[in-house]
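Here is the structure we will look at.
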Amino acid sequence: MALLNWANPLLAASQSNRAVQRLQVAIADLHNLAGWASFDMGLLESAHVHFGRAMDLARASGNCALEANILYRMGRVHLHYELAEDALASFQRGLPIAQASGSTLAVSILHANEAWALAKMGAERQALRQFARAEEEFDRASGEDAPPWARFFDLADLVSIGGMVHTELARTCDVKYARSAIPLLTRAIASGGEDASRSQSFRLAALSMNYLVQNDPEQAREVGLQAIEVSGPIRSVRTRDRMRPLRQEAERMRGNEAAEELCVRLMAFMSSSKGAA
Numbered sequence: 001m002a003l004l005n006w007a008n009p010l011l012a013a014s015q016s017n018r019a020v021q022r023l024q025v026a027i028a029d030l031h032n033l034a035g036w037a038s039f040d041m042g043l044l045e046s047a048h049v050h051f052g053r054a055m056d057l058a059r060a061s062g063n064c065a066l067e068a069n070i071l072y073r074m075g076r077v078h079l080h081y082e083l084a085e086d087a088l089a090s091f092q093r094g095l096p097i098a099q100a101s102g103s104t105l106a107v108s109i110l111h112a113n114e115a116w117a118l119a120k121m122g123a124e125r126q127a128l129r130q131f132a133r134a135e136e137e138f139d140r141a142s143g144e145d146a147p148p149w150a151r152f153f154d155l156a157d158l159v160s161i162g163g164m165v166h167t168e169l170a171r172t173c174d175v176k177y178a179r180s181a182i183p184l185l186t187r188a189i190a191s192g193g194e195d196a197s198r199s200q201s202f203r204l205a206a207l208s209m210n211y212l213v214q215n216d217p218e219q220a221r222e223v224g225l226q227a228i229e230v231s232g233p234i235r236s237v238r239t240r241d242r243m244r245p246l247r248q249e250a251e252r253m254r255g256n257e258a259a260e261e262l263c264v265r266l267m268a269f270m271s272s273s274k275g276a277a
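Dropping the structure here:
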């Protein structure tokens, strides 16, 4: 935030077009980062302000890769807060911009997240179709010199979003999708690196929820407790919030010892200081 206070006045002071463009990109990148950090801390209004400023500057600079990244992040914020239609709109706006940037990997990321939003909306066929397109674009992106923001997206991330798509379809369309979500999430968890604890906590929580949907509370408890353990050291509101659907699913099985234990442990985690920013 301090860097932004220092950097913003430089735009007005710059004379050459090239210097202005470079500053626009640099400051847009800072606002983009500040927006994501605000989101992680649960400061939604601040996140929207920073993303809006980042988008204005990125558009003015003509940097398509940065625009696509900002729209992806804005979509993920909407997705987190269950605003699936707004998330879908952001991802759809980002697609032609990602294509214009020349990055097939960025296109794959946006298609995958489109599928996630569509699954939350219960649009079964569209969600599966968009995820298939994400897989196709991911295969085409092999060996691509992707923009820095997109390089995080590896096979584990793609498979993980596939698991999330099937998890949402199990909740919005047909419980049969829990059966296909479980192997996808299990594979993503097995592929996750040691430095991916936040992603692993999200995957474990989703996997636990699918076991509950399949009426296997004992397995759900085992995996859910792993999710809590992995999440413990992470100081993030997002991590706490992502446990809420799992807790709601566990509450539906009141009277089952394993589900009740999981529910109690989740409530303790979500109310603790470690589960918040």
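Read in UniProt numbering, the sequence shown has 199 at position 199, and its numbers run on one by one without any break.
Note that beta-carbon positions come from the ideal geometry of N, C-alpha and C, so glycine has one too.
Fair warning: this is a prediction, and the values are worked out from it, not measured in the lab.
Burial state of residue i, where buried means 16 or more other Cβ atoms lie within 10 Å
{"i": "Lys176", "result": "exposed"}
{"i": "Phe132", "result": "The question names Phe, but residue 132 is Ala in the sequence shown. Classification of Ala132: exposed, given that the 10 Å Cβ count is below 16."}
{"i": "Asn17", "result": "exposed"}
{"i": "Ala113", "result": "The question names Ala, yet the displayed sequence has Asn at residue 113. With 16 or more other Cβ atoms within 10 Å, it is buried."}
{"i": "Asp145", "result": "exposed"}
{"i": "Ser103", "result": "buried"}
{"i": "Arg151", "result": "exposed"}
Spatially closest choice to residue i from the options, by CA coordinates
{"i": "Thr172", "options": "Met121, Met243, Gln24", "result": "Met121"}
{"i": "Gly75", "options": "Ser197, Gln219, Met55", "result": "Met55"}
{"i": "Ile97", "options": "Asn215, Cys64, Arg254", "result": "Cys64"}
{"i": "Val25", "options": "Val49, Asn69, Ser38", "result": "Asn69"}
{"i": "Asp86", "options": "Leu57, Trp116, Thr104", "result": "Trp116"}
{"i": "Ala34", "options": "Glu261, His48, Ala259", "result": "His48"}
{"i": "Glu261", "options": "Arg240, Gln219, Ser272, Gln126", "result": "Gln219"}
N- and C-terminal bounds of the alpha helix (DSSP H) containing residue i
{"i": "Ala141", "result": "Looking at the DSSP string, Ala141 is not in any alpha helix (DSSP H), and its letter there is neither H nor E."}
{"i": "Asn113", "result": "104–120"}
{"i": "Leu246", "result": "244–251"}
{"i": "Glu67", "result": "64–80"}
{"i": "Gly35", "result": "17–40"}
{"i": "Cys263", "result": "257–271"}
{"i": "Ala123", "result": "It is not in any alpha helix (DSSP H) - Ala123 carries neither H nor E in the DSSP assignment."}
{"i": "Asn210", "result": "197–213"}
Residues near residue i by beta carbon distance below 6 angstroms, same chain, minus five either side
{"i": "Lys274", "result": "Any reading at Lys274 must be qualified, since the residue scores a pLDDT of 48, below 50, and its modelled position is unreliable; the value itself is stated next. Same-chain partners within the cutoff: Gly232."}
{"i": "Leu266", "result": "Met243, Arg247"}
{"i": "Leu71", "result": "Ser90, Arg93, Gly94"}
Cutoff 7 angstroms; reference residue i; Cβ partners in own chain excluding five residues on either side
{"i": "Ser197", "result": "Val230, Ile234"}
{"i": "Glu124", "result": "Leu169, Cys173"}
{"i": "Gln99", "result": "Val107"}
Sequence-distant residues of the same chain with beta carbon closer than 8 angstroms to residue i, five excluded per side
{"i": "Leu88", "result": "Gly75, Glu114, Ala117, Leu118, Met121"}
* Taking 8 angstroms as the threshold, find out whether the segment 126–140 comes into contact with the segment 175–182 through three or more Cβ pairs. => Because the criterion of three Cβ pairs below 8 angstroms is not met, the segment 126–140 and the segment 175–182 do not touch.
* Asked: Should the segment 238–250 be called in touch with the segment 207–226, which here means at least 3 C-beta pairs below 8 angstroms?
  -> The answer is yes - the segment 207–226 touches the segment 238–250, with three or more Cβ pairs under 8 angstroms.
* Asked: Taking one C-beta from the segment 195–204 and one from the segment 41–48 each time, how about it: are there three or more such pairs within less than 8 angstroms?
  -> Flag = no, the segment 195–204 and the segment 41–48 do not touch.
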